[in-house]
Amino acid sequence: MSTEVKQIVIPVDFGEQSMIALRQSYNLARLTKSEITLLNVIDEDFLKPFQDIVSAKHNYETHLRDDIGLRLKELAEKVQAEAGVKVNVVTRTGKIYEEIVAAANDLNAAFIVMGTMGAVGLKKKILGSNASRVVRESECPVITIKGKEHRFGCRHILLPLDLTKETKEKVDKAIELATMFGSIIHIVTILESDDEFLTNKLTRQMNQVQEFVEEGGIKCTSEFVSGSDVADEIIATATRVEADLIMIMTQQEVGFTDLFISSAAQEIINKSEIPVLSIRPTPKKDTTTYVLQ
Numbered sequence: 186m187s188t189e190v191k192q193i194v195i196p197v198d199f200g201e202q203s204m205i206a207l208r209q210s211y212n213l214a215r216l217t218k219s220e221i222t223l224l225n226v227i228d229e230d231f232l233k234p235f236q237d238i239v240s241a242k243h244n245y246e247t248h249l250r251d252d253i254g255l256r257l258k259e260l261a262e263k264v265q266a267e268a269g270v271k272v273n274v275v276t277r278t279g280k281i282y283e284e285i286v287a288a289a290n291d292l293n294a295a296f297i298v299m300g301t302m303g304a305v306g307l308k309k310k311i312l313g314s315n316a317s318r319v320v321r322e323s324e325c326p327v328i329t330i331k332g333k334e335h336r337f338g339c340r341h342i343l344l345p346l347d348l349t350k351e352t353k354e355k356v357d358k359a360i361e362l363a364t365m366f367g368s369i370i371h372i373v374t375i376l377e378s379d380d381e382f383l384t385n386k387l388t389r390q391m392n393q394v395q396e397f398v399e400e401g402g403i404k405c406t407s408e409f410v411s412g413s414d415v416a417d418e419i420i421a422t423a424t425r426v427e428a429d430l431i432m433i434m435t436q437q438e439v440g441f442t443d444l445f446i447s448s449a450a451q452e453i454i455n456k457s458e459i460p461v462l463s464i465r466p467t468p469k470k471d472t473t474t475y476v477l478q
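Last residue of the sequence shown: 478 (the working numbering), numbering continuous.
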């Protein structure tokens, strides 16, 4: 399989949510001239009951691979007819999130598009869902889809910005996608302080960003929203502007918290019924920001 052609990796478990994510990928694949790769991961935990009996484990895994391979082939033929793009199939065995990331890296994927039910309880607080782990580890952008119904297209992109530290990289990516889809970008910043000096400074920075987006020929709106819960305010704003996509940038923390993506990003991924595009920042020594001196 050639990796010169762009690939969009779709993890498939044949459940409803992965099928929704798969259908949502059609337009993205066509616009980016990408192939779709259907990926099924055999969870290594399913094989643990047989781990002490090598032959039984081998036979069970072989049976699973044959059955899954047949189902993937049938699905690929259907998707290729519906989407009008080439569709490939891959089966791997291991930890689900690790194999999704590894497959995307092997293919030099442009995107991962995956369904998620959202993590709950202790799993949400400590372990995180497979989706959150994929978002944290993936080198390519990840689109997570939790909701059941979405429009085919992307007319409105919500771009939450932390104007005190946001890099130009995220805005450039939003412009790229908006150009591709013909979208309107809605910039939102959450105000957690009513300090007048800070508000005035952030307003000037917001205007800079909006002007930069509009110079690229993209329609753009901007607003400040007050609230103490960043994730909830972002999701509420996305719903109000009828966003088709929320774009966030994950931030890797230091030390123990490196095990997690930022809490706000994880909450958005877990809660949002609107698709979320997560971008991992590219390590750079010189990072351009919108902070005014």
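Using N, Cα and C, we set each Cβ at its ideal position, and we do this for glycine too.
A distance below 6 Å between beta-carbons, with the five flanking residues on each side excluded, links Leu207 to the following residues of its chain, in chain order: Ile195. Assigned with DSSP and collapsed to three states, Leu346 falls in coil, not helix or strand. Around the C-beta of Ala294, 16 or more other C-beta atoms lie within 10 Å, and the residue is accordingly described as buried. Around the beta-carbon of Gly300, 16 or more other beta-carbon atoms lie within 10 Å, marking it buried. The Cβ neighbour count for Phe382, taken over all protein chains shown within 10 Å, is under 16; the residue is labelled exposed. Exposed is the label assigned to Pro466, since fewer than 16 other Cβ atoms lie within 10 Å of its Cβ.
Looking at the DSSP output, Val327 sits in a beta bridge with Ile297, Ser463. Looking only at Tyr211, Leu223, Ile419, the smallest Cα-Cα distance to Pro345 is reached by Ile419. Per the C-alpha coordinates, the member of Ser314, Tyr211, Leu387, Phe296 positioned closest to Gln265 is Tyr211. Relative to Met302, the option among Ala288, Thr329, Glu284, Arg318 whose CA is nearest is Thr329.
One Cα belongs to Lys263, the other to Leu223, and the distance between them is close to 12 Å. Judged by DSSP secondary structure, Met434 falls within the beta strand (DSSP E) whose first and last residues are 430-434. Ala416 sits close to Glu452, with the two beta carbons spaced by under 7 Å. Beta-bridge partners assigned by DSSP to His335: none are found.
Taken in chain order, the whole beta strand (DSSP E) runs of length 3 or more contained in the stretch 364-427 are 369-376, 405-411. Straight through space, the alpha carbons of Val298 and Ser323 are spaced by roughly 12 Å. By the neighbour-count definition (other C-beta atoms within 10 Å, threshold 16), Thr424 is an exposed residue.
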